[in-house]
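A.B. asks:
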Amino acid sequence: MKTSLPLLLASAGLLVGTAAQAHIGTSGAGPAIEGTSYEVQFTVGHGCSGADTWRLQIRIPEGVTSVRPLDSEFGKAVVEKDASGNVKSITWTRASASEVLAADTHAHRVSLRARMPNTPFAMVYFPTTQTCRDAQGQETTVEWVGTSGDHQHGTTDAGSEPQAEPAPAVFIYPARTPGWNKYTVQEHVHDLSVFKDALIVWSGKSAYSANPVTKELIASEPDTTPLTEIHPGTEIWVKY
Numbered sequence: 288m289k290t291s292l293p294l295l296l297a298s299a300g301l302l303v304g305t306a307a308q309a310h311i312g313t314s315g316a317g318p319a320i321e322g323t324s325y326e327v328q329f330t331v332g333h334g335c336s337g338a339d340t341w342r343l344q345i346r347i348p349e350g351v352t353s354v355r356p357l358d359s360e361f362g363k364a365v366v367e368k369d370a371s372g373n374v375k376s377i378t379w380t381r382a383s384a385s386e387v388l389a390a391d392t393h394a395h396r397v398s399l400r401a402r403m404p405n406t407p408f409a410m411v412y413f414p415t416t417q418t419c420r421d422a423q424g425q426e427t428t429v430e431w432v433g434t435s436g437d438h439q440h441g442t443t444d445a446g447s448e449p450q451a452e453p454a455p456a457v458f459i460y461p462a463r464t465p466g467w468n469k470y471t472v473q474e475h476v477h478d479l480s481v482f483k484d485a486l487i488v489w490s491g492k493s494a495y496s497a498n499p500v501t502k503e504l505i506a507s508e509p510d511t512t513p514l515t516e517i518h519p520g521t522e523i524w525v526k527y
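Using my numbering, the first residue of the sequence shown is number 288, and each one after it goes up by one.
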């Protein structure tokens with residue numbers, strides 16, 4: 288850890304962290320910390336080809352436990368469990384067909400509370416099935432199951448199949464204390480904006496901050512390079 292840059296740390300502003308965003312976006316009150324309970328809100332930004340959303344089924348990934356859904360204005364939640372009593376999925380359905388809008392004009396939101404897995408610096412994906420219904424009662428289904436991290440929304444390359452729609456996801460943060468925290472990262476972190484609630488991140492002679500002023504100071508500091516990604520096995524220091 289490099290401990291020069293006193294002006295850098297004095298001027299660094301603390302930003303509030305949020306969870307990963309997708310076409311079905313996720314958010315919560317602050318970062319999702321490993322091994323702790325966290326309330327995840329899933330926001331459905333649009334329906335299917337002009338039709339309003341009728342039903343949402345969210346599958347619970349391995350390692351996410353103590354799952355409890357919240358009923359919402361969208362509809363009542365139904366929980367499906369496996370033979371061991373673990374929650375496999377949660378389905379929210381509109382109370383009646385009359386509640387389905389004549390067109391795709393609204394965003395919708397559902398929520399659940401769960402204990403996050405002990406997998407710091409990993410992305411946890413929640414595969415989701417979105418079912419829409421038009422004014423004639425015709426249903427359309429979209430599977431949000433992509434886990435590549437490439438959120439290009441149904442794009443194709445020449446000669447390739449359409450990419451899977453991205454599953455909503457939550458980035459898991461390590462346990463932390465105010466001040467400096469030392470971690471050995473076991474995942475490949477491509478997007479350092481996941482550290483936007485940190486004052487600064489150090490790895491050897493490289494540093495990252497989401498704060499524009501701090502970012503400029505990093506760029507101007509002798510023998511310091513901007514940190515752009517973190518490889519597995521890398522030791523980092525993070526100041527919260």
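Cβ atoms here follow ideal geometry from the backbone N, Cα and C, with glycine treated the same way.
Smallest Cα separation from Ala394: which of His310, Phe413, His475?
C.D. replies: Taking the sequence shown and counting its residues from 1, one reaches residue 394 at position 107. Of the candidates His310, Phe413, His475, the one whose C-alpha sits nearest the C-alpha of Ala394 is His310.
A.B. asks: Would you kindly work out how many angstroms separate the C-alpha atoms of Gly466 and Thr501, rounded to a whole number?
C.D. replies: As a first step, residue 466 is located in the sequence shown; it is residue number 179 there, counting from the start. As a first step, residue 501 is located in the sequence shown; it is residue number 214 there, counting from the start. If I take the Cα positions, the gap works out to 17 Å.
A.B. asks: For Glu474, tell me which candidate among Ala316, Ala382, Asn405 has the shortest Cα-Cα distance.
C.D. replies: As a first step, residue 474 must be located in the sequence shown, where it is residue number 187. For the residues Ala316, Ala382, Asn405, the minimum Cα distance to Glu474 belongs to Asn405.
A.B. asks: Rounding to the nearest angstrom, what Cα-Cα distance links Ser314 and Gln328 in this structure?
C.D. replies: Counted from its first residue, the sequence shown places residue 314 at position 27. Counted from its first residue, the sequence shown places residue 328 at position 41. If you take the alpha carbons of Ser314 and Gln328, they lie about 5 Å apart.
A.B. asks: Would you mind listing the beta strand (DSSP E) stretches within the region 447-473 that are 3+ residues and don't spill past its ends, in chain order?
C.D. replies: Those beta strand (DSSP E) runs which fall completely within the region 447-473 and span 3+ residues are 456-460, 467-472.
A.B. asks: Please go through the region 342-405 and give each complete alpha helix (DSSP H) segment of 4 or more residues, from N-terminal end onward.
C.D. replies: Qualifying alpha helix (DSSP H) stretches: none in this window.
A.B. asks: With H, G and I counted as helix, E and B as strand and the rest as coil, what does DSSP make of Pro513?
C.D. replies: As a first step, residue 513 is located in the sequence shown; it is residue number 226 there, counting from the start. Three-state result, Pro513: strand.
A.B. asks: Can you say whether Ala316 is buried or exposed, counting buried as having 16 or more other CB atoms within 10 angstroms of its CB?
C.D. replies: Your numbering for residue 316 matches position 29 in the sequence shown. The residue is exposed, with fewer than 16 neighbouring Cβ atoms inside 10 Å.
A.B. asks: Identify, in the order they occur along the chain, each residue of the same chain with its Cβ nearer than 6 Å to the Cβ of Pro407, setting aside the five sequence neighbours on each side.
C.D. replies: Along the sequence shown, read from residue 1 onward, the residue named residue 407 stands at position 120. Glu321, Ile459, Pro461, listed in sequence order.
A.B. asks: Can you name, in chain order, every residue of its own chain whose Cβ lies under 7 Å from the Cβ of Thr512, other than the five neighbours on each side?
C.D. replies: In the sequence shown, counting from the first residue as 1, residue 512 sits at position 225. Lys492, Ser493.
A.B. asks: CA-CA distance, Leu399 and His333?
C.D. replies: The sequence position of residue 399 within the sequence shown is 112, counting from 1. The sequence position of residue 333 within the sequence shown is 46, counting from 1. In a straight line, the C-alpha of Leu399 is about 20 Å away from that of His333.
A.B. asks: Give me whichever residues DSSP pairs with Ile311 in a beta bridge.
C.D. replies: Here residue 311 corresponds to residue number 24 of the sequence shown, with the count starting at 1. Answer is Val331, bridged to Ile311.
A.B. asks: Between the Cα of Thr427 and the Cα atoms of Arg342, Asp478, Pro519, which residue gives the shortest distance?
C.D. replies: Sequence index remark: in the sequence shown, residue 427 carries index 140 (1-based). With distances taken between Cα atoms, Thr427 lies closest to Arg342.
A.B. asks: What residue range does the alpha helix (DSSP H) around Thr501 cover?
C.D. replies: Taking the sequence shown and counting its residues from 1, the one referred to as residue 501 is at position 214. It spans 499-507 - the alpha helix (DSSP H) in which Thr501 sits, taken as one unbroken run.
A.B. asks: Going straight from the alpha carbon of Ile517 to that of Asn498, what length do you get?
C.D. replies: Working through the sequence shown from its first residue, we reach residue 517 at position 230. Working through the sequence shown from its first residue, we reach residue 498 at position 211. Rounded to whole angstroms, Ile517 to Asn498 spans 19 Å at the Cα level.
A.B. asks: List the residues that DSSP assigns as beta-bridge partners of Lys526.
C.D. replies: In the sequence shown, residue 526 corresponds to position 239, counting from 1. According to DSSP, Lys526 bridges with Trp467, Ile487.
A.B. asks: Measuring alpha carbon to alpha carbon, tell me which of Pro356, Ser371, Ala456, Cys335 ends up nearest Val365.
C.D. replies: For the purposes of this step, residue 365 is taken as residue 78 along the sequence shown, with counting starting at 1. Checking every option, the nearest Cα to that of Val365 belongs to Pro356.
A.B. asks: Under a three-way DSSP split, which group does Ser336 fall into?
C.D. replies: Position 49 of the sequence shown holds residue 336. Ser336: coil per DSSP, three-state reduction.
A.B. asks: How is Ser480 classed by DSSP in three states: helix, strand or coil?
C.D. replies: Start at 1 with the first residue of the sequence shown, and residue 480 comes out as number 193. DSSP places Ser480 in helix when its eight states are reduced to three.
A.B. asks: Buried or exposed for Thr392, going by 16 or more other Cβ atoms inside 10 Å?
C.D. replies: The residue labelled residue 392 in the question sits at position 105 within the sequence shown. That one is exposed.
A.B. asks: Reducing DSSP to helix, strand and coil, say where Glu433 ends up.
C.D. replies: The sequence position of residue 433 within the sequence shown is 146, counting from 1. Correcting the residue type first, residue 433 is Gly in the shown sequence and not Glu. DSSP places Gly433 in strand when its eight states are reduced to three.
A.B. asks: Using 9 Å as the threshold, is the C-beta distance between Gly312 and Pro414 below it?
C.D. replies: Counting from 1 along the sequence shown, the entry for residue 312 is found at position 25. Counting from 1 along the sequence shown, the entry for residue 414 is found at position 127. Not a contact, by the Cβ cut-off of 9 Å.
A.B. asks: Using only alpha-carbon positions, find the residue among Ser507, Asp478, Thr340, Glu508 that is nearest to Ala389.
C.D. replies: On the sequence shown, residue 389 is found 102 positions in, with the first residue counted as 1. With distances taken between Cα atoms, Ala389 lies closest to Thr340.
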